[in-house]
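The structure appears right after this line, and notes come after that.
Numbering (our numbering), first residue to last: 45 to 450.
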């Protein structure tokens, strides 16, 4: 190599004398310089372009065969698939309003006995509490008076009919007795309906009429089967008919409700499938579908209510629990990449594009939200471009290692 070096130096010093050789000499000099500079003894070796690119990982170099064999890198082209954006909205577990009963008193009175306790399972008609009510006693007494007046007026009308046939009384007297009987019958009927409003059954009213015993105790009973989830009374409390004393709910099925922002309301449709995550159940994934989408937008929050119904046979879902609804939007065709192909680096997303079976370039991309294990490609890739779909994480670590950062 030193002999070639001396030859080139001498040739350059005697360039004017060799000028007649022209272009052939210039080519010879250039070839000699390249051979010298790129040879083993050269001071400025030429590096391949891929080795200078920090985003390219070349596994064709000696020593990389083990990496190719161990990692089993998988390459596949970017495909176009139906993609639906997943909408995440915060909601909560709630009662199924068709399976909940809020039970109050039928009369004004004082609580004398509480039978049911929260958590107790009750049947329809089962006793929950008793109330002592003077109002009930007065209404029963009024009914007894109306019943007696009705029977008396009916008997008087029947006698008047007999007397009228015997021409003992005038027709006007018969009509007066008839009117009194009709009025007494109407008053008795009205008082009976009043007792029913106060919580007495027809059988209890009939017994009252036959025995004539006034009972001031009013029973608070379950109007539907379920679990006592709330109790709002204590012993000795005075209650009114408008107050809720107990809440009984059938928790075998519950609602999950959420308020969806107005801008996302167009993604909702009845029957749409969704997943529900409940943090209290260690983010258990439950499946459901939309059974209700509100028709009005709230002017205050600019949201639309949405609801799904979830079976709850073991009663693990408790009303009031926080939940997240993952609602799949309408499907559109888009280039997609699997989540395993994505490399997250400094708040940006990248994929490795395959340049050859052993060379891969880190390429920046803009991706949409993940849905079903894939992400839509917004910018950076086109359909058909081969990318690394598995082991992208290891490739990126190798890239940083070769740059001195791993």
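Glycine residues also receive a C-beta, built at the ideal position from the N, C-alpha and C atoms.
{"Check": "Backbone secondary structure at residue 441 - three-state DSSP", "Outcome": "helix"}
{"Check": "Residue nearest to residue 348 in terms of C-alpha spacing, selected from 286, 313, 185, 291", "Outcome": "313"}
{"Check": "Residue 74 in three-state terms, based on DSSP", "Outcome": "Summary for residue 74: the model assigns pLDDT 45, below 50, so the residue's position carries little reliability; its value from the coordinates is reported in the next sentence. Three-state DSSP puts residue 74 in a helix."}
{"Check": "Local Cβ density within 10 Å of residue 61, reported as buried at 16 or more and exposed below that", "Outcome": "Confidence is the limiting factor: at residue 61 the pLDDT is only 46, short of 50, which leaves the residue's position unreliable and the question unanswerable from this model."}
{"Check": "Distance between residue 118 and residue 404 (C-alpha atoms, nearest Å)", "Outcome": "12 Å"}
{"Check": "Chain-order list of residues whose beta-carbon lies under 7 Å from that of residue 177 (same chain, five-residue window excluded)", "Outcome": "151, 152, 153, 260, 262"}
{"Check": "Residue 93, buried or exposed, once every other Cβ within 10 Å from all chains shown has been counted against 16", "Outcome": "Summary for residue 93: the model assigns pLDDT 45, below 50, so the residue's position carries little reliability; its value from the coordinates is reported in the next sentence. By the neighbour-count rule (16 or more Cβ atoms within 10 Å), residue 93 is not buried but exposed."}
{"Check": "Option in 413, 356, 361 with minimal Cα separation from residue 382", "Outcome": "413"}
{"Check": "Given residue 203 as reference, the closest of 334, 125, 218 once Cα atoms are compared", "Outcome": "218"}
{"Check": "CB-CB length for residue 249 against residue 236, believed under 8 Å", "Outcome": "6 Å"}
{"Check": "DSSP-derived helix/strand/coil call for residue 225", "Outcome": "helix"}
{"Check": "Supposed close pair residue 415, residue 134 - CB separation, criterion 8 Å", "Outcome": "The Cβ separation is near 18 Å, so there is no contact."}
{"Check": "Backbone CA spacing between residue 73 and residue 443 [nearest angstrom]", "Outcome": "Note that residue 73 scores 46 on pLDDT, short of 50, meaning its location in the model is unreliable; the coordinates nonetheless yield the value given after this. C-alpha separation (whole angstroms): 39 Å."}
{"Check": "According to DSSP, residues forming a beta bridge with residue 118", "Outcome": "434"}
{"Check": "Straight-line gap, residue 372 to residue 310 (C-alpha atoms, nearest Å)", "Outcome": "12 Å"}
{"Check": "Same chain, Cβ closer than 6 Å to residue 327, five either side skipped, listed in chain order", "Outcome": "321"}
{"Check": "Beta-carbon spacing of residue 336, residue 351 below 9 Å", "Outcome": "yes"}
{"Check": "Backbone CA spacing between residue 238 and residue 232 [nearest angstrom]", "Outcome": "10 Å"}
{"Check": "Identity of the residue in 391, 420, 363 nearest residue 380 by Cα", "Outcome": "420"}
{"Check": "The region 289 to 305 in contact with the region 359 to 369 per 3-pair CB rule at 8 Å", "Outcome": "yes"}
{"Check": "Reduced DSSP secondary structure (H/G/I, E/B, other) of residue 257", "Outcome": "coil"}
{"Check": "Status (buried if at least 16 other CB within 10 Å, exposed otherwise) for residue 191", "Outcome": "buried"}
{"Check": "Residue 448 burial status per 10 Å Cβ neighbour count (16 or more: buried)", "Outcome": "exposed"}
{"Check": "In DSSP terms, what residue 337 is bridged to", "Outcome": "350"}
{"Check": "Straight-line gap, residue 331 to residue 182 (C-alpha atoms, nearest Å)", "Outcome": "55 Å"}
{"Check": "Cβ-Cβ separation, residue 287 to residue 17 (assumed contact under 8 Å), whole Å", "Outcome": "The displayed coordinates of the chain run from 45 to 450. Any statement about residue 17 would go beyond what the structure contains."}
{"Check": "Separation of residue 393 from residue 97, as counted between CA atoms", "Outcome": "19 Å"}
{"Check": "Residue 424 versus residue 385: straight-line alpha-carbon distance, rounded", "Outcome": "14 Å"}
{"Check": "Contact between the region 263 to 281 and the region 164 to 176 (3+ Cβ pairs under 8 Å)", "Outcome": "yes"}
{"Check": "Endpoints, the beta strand (DSSP E) within which residue 301 is located", "Outcome": "297 to 305"}
{"Check": "DSSP three-state assignment for residue 103, whether helix, strand or coil", "Outcome": "coil"}
{"Check": "Per DSSP, the bridge partner or partners of residue 319", "Outcome": "331, 370"}
{"Check": "Three-state class that DSSP yields for residue 239 in the structure shown", "Outcome": "helix"}
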